[in-house]
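J.:
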Amino acid sequence: MQGDSYHLRQSVDTQNKTFSPYSSSIETSSNEQMHNSSRPTFTPPNQRKSDASENAAKMIPIDIDMNLKENMEEHSTIYYDIQGLVLRRGQPFSFTITFNQDFPADKYNLSFIFKPQTWPNFPRVKIPLNGSSNGWSAERLSTKDQENNCVYFQICSPCDATIGKYSFFLEISPLKKDLATKQDLSIFQFDIDIYILFNPWNSTDVCGLLSSDQIAEYALSEHGQIYLGSCEVPRSIPW
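Numbering follows the UniProt record's numbering, in which position 237 of the sequence shown is assigned residue number 237; successive positions increment by one, without gaps.
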């Protein structure tokens, strides 16, 4: 699972359009997640010929490594048999994005967007790089021997983040406000589902547990009992 890479969606003239290339609006895609056991290759966005020179100067993500194995081991979700990244809320996760050019931190604004799939009526979360929003935070991490176009990021969700499945996007716009127009804004969707769960290891989570024995029984055990009925007449069923 280590080193898994995922497609980016930026469809313009294709039949399976997921969003407009230079618009801030995000549309829901009806496609199934593109996820293979082997490392997928990047599918570059389709661009009109008239836009070729303009897009050559834009910063575009060409690959993403979600560090599935490391993240899911740290979040105690490695044994979940599911395609995608499974995380515990209130705990950071890291990933690497490769761009088509060196990353100029002084020229672009970057924001990460989480759009709920489980609860489509819930508002999306937009987190500016090196900033925070509604308890979410995102930062660029410094690593040694890293290429200038390969950038290591970390995002942390709040301990009360909404549980469910999310789509994951990257928004890029020029840093200078006088140059930031609708045409300069680019949004890219990473073709991976992200699941956020309760975190019994986090004492600030309402579902946080007090001891390792409780965590082993209620969070890590594959089998257990569900109790039904009333206090006077309880009954249990296996799960």
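All C-beta atoms in this analysis are idealised placements derived from N, C-alpha and C, irrespective of residue type, glycine included.
#1: Check for me: the beta strand (DSSP E) holding E217 runs from which residue to which?
#2: Three or more C-beta pairs closer than 8 Å, one from the region 129-143 and one from the region 61-71: is that the case here?
#3: At a cut of 8 Å, does the region 90-97 reach the region 218-232 through at least three beta carbon pairs?
#4: Name the DSSP bridge partner or partners of T98?
#5: Using three-state DSSP, classify E232 as helix, strand or coil.
#6: In angstroms, rounded to a whole number, what distance separates the CA positions of M235 and Y218?
#7: Distance check for Q189 and V233, CA to CA, integer angstroms please.
#8: Just grab the DSSP bridge partners of A138 for me.
#9: Quick one: grab the DSSP three-state call for L110.
#10: Distance check for L87 and P61, CA to CA, integer angstroms please.
#11: Establish whether the CB of L129 and some CB of chain D are separated by less than 9 Å.
#12: Exposed or buried, C156, counting other C-beta atoms within 10 Å across all chains shown (16 or more means buried)?
#13: Could you compute how far the alpha carbon of G131 sits from the alpha carbon of C150?
#14: Using only the alpha-carbon positions, how far apart do N100 and Q214 sit?
#15: In the DSSP assignment, what are the bridge partners of K115?
#16: May I ask you to report which of helix, strand or coil DSSP gives D191?
#17: How about T162 and P116: do their beta carbons lie closer than 9 Å?
#18: Measuring only the C-alpha atoms, how far is D205 from N199?
#19: Keeping to the same chain, check which residues put their C-beta closer than 6 Å to that of K107; ignore five residues upstream and five downstream.
#20: Below 9 Å between beta carbons: does that hold for L141 and N109?
#21: Is it buried or exposed for S173, if we count other Cβ within 10 angstroms and need 16 for buried?
#22: Got a sec? Which residues, its chain only, sit under 6 Å from N71 by beta carbon, not counting five neighbours each side?
#23: Grouping DSSP H, G and I as helix and E and B as strand, with all else coil, what is residue 240?
T.: If we stick to the structure as given:
#1: Neither: E217 is in no beta strand (DSSP E) and is coded neither H nor E.
#2: Output reads no: the region 61-71 does not touch the region 129-143.
#3: The answer is no - the region 218-232 does not touch the region 90-97, with fewer than three Cβ pairs under 8 Å.
#4: DSSP lists D63 and C150 as the bridge partner or partners of T98.
#5: Coil at E232, not helix or strand.
#6: Rather than Met, the amino acid found at residue 235 in this sequence is Arg. In a straight line, the C-alpha of R235 is about 18 Å away from that of Y218.
#7: A straight-line Cα-Cα distance of about 51 Å links V233 and Q189.
#8: In DSSP, A138 forms a bridge with G131 and I155.
#9: DSSP places L110 in strand when its eight states are reduced to three.
#10: Computed Cα separation, rounded: 23 Å.
#11: Checking the listed chains, one finds no chain D in this structure; it contains a single protein chain.
#12: With 16 or more other Cβ atoms within 10 Å, it is buried.
#13: Cα-Cα distance, rounded: 20 Å.
#14: Their backbone Cα atoms lie some 48 Å apart in a straight line.
#15: For K115, which the question treats as bridged, DSSP gives the partners S167.
#16: D191 falls in the strand class under three-state DSSP.
#17: Cβ atoms of T162 and P116: closer than 9 Å.
#18: For D205 and N199, the gap between their C-alpha atoms comes out near 6 Å.
#19: The answer, listed in chain order, is L175.
#20: At least 9 Å separates the beta-carbon of L141 from that of N109.
#21: Looking at its Cβ environment, which holds 16 or more other Cβ atoms inside 10 Å, S173 is buried.
#22: F93, listed in sequence order.
#23: The structure shown does not extend to residue 240, since the chain spans only 1 to 239, so no value can be given for it.
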